[in-house]
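Protein chains: 2
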Amino acid sequence: MLIKNRHTQFQLTLPEWLGQYIQDQDPIMPDMEKRMQFVISLARLNIEHNSGGPFGAAVFDMSANRLIAAGVNLVVTGNSSVWHAEIVAMILAQQAIGHFNFKKQDAPACELVTSTEPCAMCMGAIPWAGITQLVCGARDKDARGIGFDEGAKVKHWQKALRKRNITVIRDVCRDQAVQVLELYNQHNGMIYNG
Amino acid sequence: MLIKNRHTQFQLTLPEWLGQYIQDQDPIMPDMEKRMQFVISLARLNIEHNSGGPFGAAVFDMSANRLIAAGVNLVVTGNSSVWHAEIVAMILAQQAIGHFNFKKQDAPACELVTSTEPCAMCMGAIPWAGITQLVCGARDKDARGIGFDEGAKVKHWQKALRKRNITVIRDVCRDQAVQVLELYNQHNGMIYNG
Numbered sequence: 748m749l750i751k752n753r754h755t756q757f758q759l760t761l762p763e764w765l766g767q768y769i770q771d772q773d774p775i776m777p778d779m780e781k782r783m784q785f786v787i788s789l790a791r792l793n794i795e796h797n798s799g800g801p802f803g804a805a806v807f808d809m810s811a812n813r814l815i816a817a818g819v820n821l822v823v824t825g826n827s828s829v830w831h832a833e834i835v836a837m838i839l840a841q842q843a844i845g846h847f848n849f850k851k852q853d854a855p856a857c858e859l860v861t862s863t864e865p866c867a868m869c870m871g872a873i874p875w876a877g878i879t880q881l882v883c884g885a886r887d888k889d890a891r892g893i894g895f896d897e898g899a900k901v902k903h904w905q906k907a908l909r910k911r912n913i914t915v916i917r918d919v920c921r922d923q924a925v926q927v928l929e930l931y932n933q934h935n936g937m938i939y940n941g
Numbered sequence: 748m749l750i751k752n753r754h755t756q757f758q759l760t761l762p763e764w765l766g767q768y769i770q771d772q773d774p775i776m777p778d779m780e781k782r783m784q785f786v787i788s789l790a791r792l793n794i795e796h797n798s799g800g801p802f803g804a805a806v807f808d809m810s811a812n813r814l815i816a817a818g819v820n821l822v823v824t825g826n827s828s829v830w831h832a833e834i835v836a837m838i839l840a841q842q843a844i845g846h847f848n849f850k851k852q853d854a855p856a857c858e859l860v861t862s863t864e865p866c867a868m869c870m871g872a873i874p875w876a877g878i879t880q881l882v883c884g885a886r887d888k889d890a891r892g893i894g895f896d897e898g899a900k901v902k903h904w905q906k907a908l909r910k911r912n913i914t915v916i917r918d919v920c921r922d923q924a925v926q927v928l929e930l931y932n933q934h935n936g937m938i939y940n941g
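Chains as they are written, first to last, in the working numbering: chain A, 748 to 941; chain B, 748 to 941.
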């Protein structure tokens with residue numbers, strides 16, 4: 748195969764449907780279940796539009812419960828294994844605040860809401876971003892249940908995050924989140940790192 | 748602070764010096780120490796150009812020991828905690844091969860060479876990318892030694908990677924790699940996630 752080496756630039760653009768969908772939402776979502784249902788709907792729409800894996804995530808300004816940025820899994824369509832929903836949402840949110848750390852002095856405390864518990868990579872990325880609160884829908888074992896590999900995470904990963912002053916809330920609308928994983932499975936969605 | 752929300756696109760460009768430096772290299776580097784010295788020189792130049800943290804990494808096509816893509820730490824200048832050298836190099840290399848997985852059928856086996864052992868995030872990212880061999884310079888404890896946090900990695904992280912059929916080679920030119928970390932420390936380089 749031909750390898751075009753010496754690349755020095757890359758770019759990622761969210762799918763068009765997602766930009767439109769975000770525009771149509773009220774960015775203020777005071778209710779945690781509502782915020783979770785928003786990211787679950789992103790996961791579902793990502794399947795329906797055939798734009799990636801069954802995962803959605805978003806970063807919220809906790810002072811106003813205001814959406815800063817959202818992401819979906821774009822591994823296959825974006826040609827990079829790094830484009831998990833959480834990573835995409837965090838990069839876009841950091842771009843929005845113009846800083847690499849949500850805990851910088853005048854930044855709002857930030858919450859990451861994700862439709863499925865983070866894999867090893869995303870779990871490692873969360874403290875670096877300065878996330879204050881992590882809210883999860885489906886469990887990592889639910890993702891494993893349809894064939895996804897979640898990687899080599901420390902055994903008590905929630906405890907490891909809490910030790911770093913990150914609040915971890917699990918099982919929010921878990922049933923609805925699992926339904927989307929199952930939908931992907933029924934559609935014979937690609938299990939790219941199984 | 749003003750938050751520009753609803754971002755749907757981001758872009759990362761390597762520093763100009765790096766693009767130029769790569770152009771000037773012979774991309775074929777048959778010797779492992781030579782490949783390591785290359786990424787150590789990236790880490791050193793990243794300090795000297797004030798473009799980021801003291802870390803360099805590159806992805807090589809193992810069939811020809813040919814450079815596919817290189818990266819440096821761009822966390823501060825690139826406004827994202829995700830831009831560790833390994834992540835930047837892997838994204839650029841995946842863009843070069845046009846696929847999210849180096850283990851796709853007609854892709855060459857790929858080696859990731861990094862000036863310091865991977866943090867928790869990068870360690871999690873390595874299996875997803877389909878890396879066949881990981882070559883490390885400084886140890887993670889050397890990075891901790893100057894104040895960097897390496898995150899919550901599984902205790903036997905090399906073993907965890909080897910279990911996934913990834914060869915791990917440590918301590919290649921470790922002294923030279925540590926010297927660059929110390930140089931950063933002497934320059935009072937920013938320890939952004941300490």
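We put the CB at the ideal spot given by N, CA and C, even for glycine.
Quick one: is residue i buried, meaning 16 or more other Cβ sit within 10 Å of its Cβ, or exposed?
| i | result |
| --- | --- |
| Ile-775 (chain B) | exposed |
| Gly-845 (chain A) | exposed |
| Met-937 (chain B) | exposed |
| Pro-762 (chain A) | buried |
| Lys-902 (chain A) | exposed |
| Thr-863 (chain A) | buried |
| Lys-906 (chain B) | exposed |
| Arg-909 (chain A) | exposed |
| Ile-750 (chain B) | Unreliable placement is indicated for Ile-750 (chain B), whose pLDDT of 48 sits below 50; the coordinate value is still reported in the next sentence. Ile-750 (chain B) is buried by the Cβ-count criterion. |
Using a Cβ-Cβ cut-off of 8 Å, state whether residue i counts as contacting chain B.
| i | result |
| --- | --- |
| Thr-879 (chain A) | no |
| Ser-827 (chain A) | yes |
With a threshold of 8 Å on Cβ separation, who are the neighbours of residue i within its own chain once the five nearest residues in sequence on each side are excluded?
| i | result |
| --- | --- |
| His-934 (chain A) | Ile-794 |
| Arg-911 (chain B) | Pro-874 |
| Ile-916 (chain B) | Met-779, Gln-880, Leu-881, Val-882, Cys-883 |
| Gly-825 (chain A) | Leu-759, Gly-799 |
What residues in its chain sit with their C-beta under 7 Å from that of residue i, if we drop five residues either side in the sequence?
| i | result |
| --- | --- |
| Pro-855 (chain A) | Asp-808, Met-809, Ser-810 |
| Asp-889 (chain A) | Thr-863, Val-925, Leu-928 |
| Arg-891 (chain A) | Glu-897 |
| Leu-792 (chain B) | Trp-764, Tyr-768 |
Can you list, in chain order, the residues of its chain whose CB lies under 6 Å from that of residue i, leaving out five sequence neighbours each side?
| i | result |
| --- | --- |
| Gln-880 (chain B) | Glu-858, Thr-914 |
| Tyr-931 (chain A) | Ile-794, Pro-801 |
| Ala-836 (chain A) | Ala-804, Ala-805, Val-806, Ala-816, Ala-817, Gly-818 |
In three-state terms, what does DSSP make of residue i?
| i | result |
| --- | --- |
| Ser-788 (chain B) | helix |
| Leu-955 (chain A) | This structure does not reach residue 955 (chain A), given that chain A is present from 748 up to 941, and the question cannot be answered. |
| Gln-772 (chain B) | coil |
| Ile-938 (chain A) | coil |
| Glu-858 (chain A) | strand |
| Gln-852 (chain A) | coil |
| Leu-821 (chain A) | coil |
Run through chain B and tell me which residues come within less than 7 Å of residue i, C-beta to C-beta.
| i | result |
| --- | --- |
| Leu-839 (chain A) | His-754, Phe-757 |
| Ile-775 (chain A) | Neighbours of Ile-775 (chain A) on chain B: none; closest Cβ ~11 Å, over 7 Å. |
| Thr-863 (chain A) | What Thr-863 (chain A) touches in chain B: nothing, since even the nearest Cβ is about 15 Å away. |
| Val-949 (chain A) | Beyond the ends of chain A as shown, which are 748 and 941, falls residue 949 (chain A); an answer cannot be given. |
| Thr-760 (chain A) | Thr-755, Gln-756 |
Residues of chain A with CB closer than 7 Å to the CB of residue i, please, in chain order.
| i | result |
| --- | --- |
| Ala-805 (chain B) | Within 7 Å Cβ-Cβ: nothing; Ala-805 (chain B) doesn't reach chain A, min ~10 Å. |
For residue i, return the contacting residues in chain A, with the cut-off set at a CB-CB distance below 9 Å.
| i | result |
| --- | --- |
| Met-870 (chain B) | Ala-867, Met-868, Gly-871, Gly-898, Ala-899 |
Using 8 Å as the limit for Cβ to Cβ distance, is residue i near chain A?
| i | result |
| --- | --- |
| Pro-874 (chain B) | yes |
| Ala-816 (chain B) | yes |
Under 8 Å between beta-carbons, which chain B residues line up against residue i? List them in chain order, please.
| i | result |
| --- | --- |
| Ile-731 (chain A) | A question about residue 731 (chain A) goes unanswered here, because the residues of chain A that appear run from 748 up to 941. |
Run through chain A and tell me which residues come within less than 8 Å of residue i, C-beta to C-beta.
| i | result |
| --- | --- |
| Gln-842 (chain B) | His-754, Phe-757, Asn-826, Ser-827 |
| Ala-907 (chain B) | Ala-899 |
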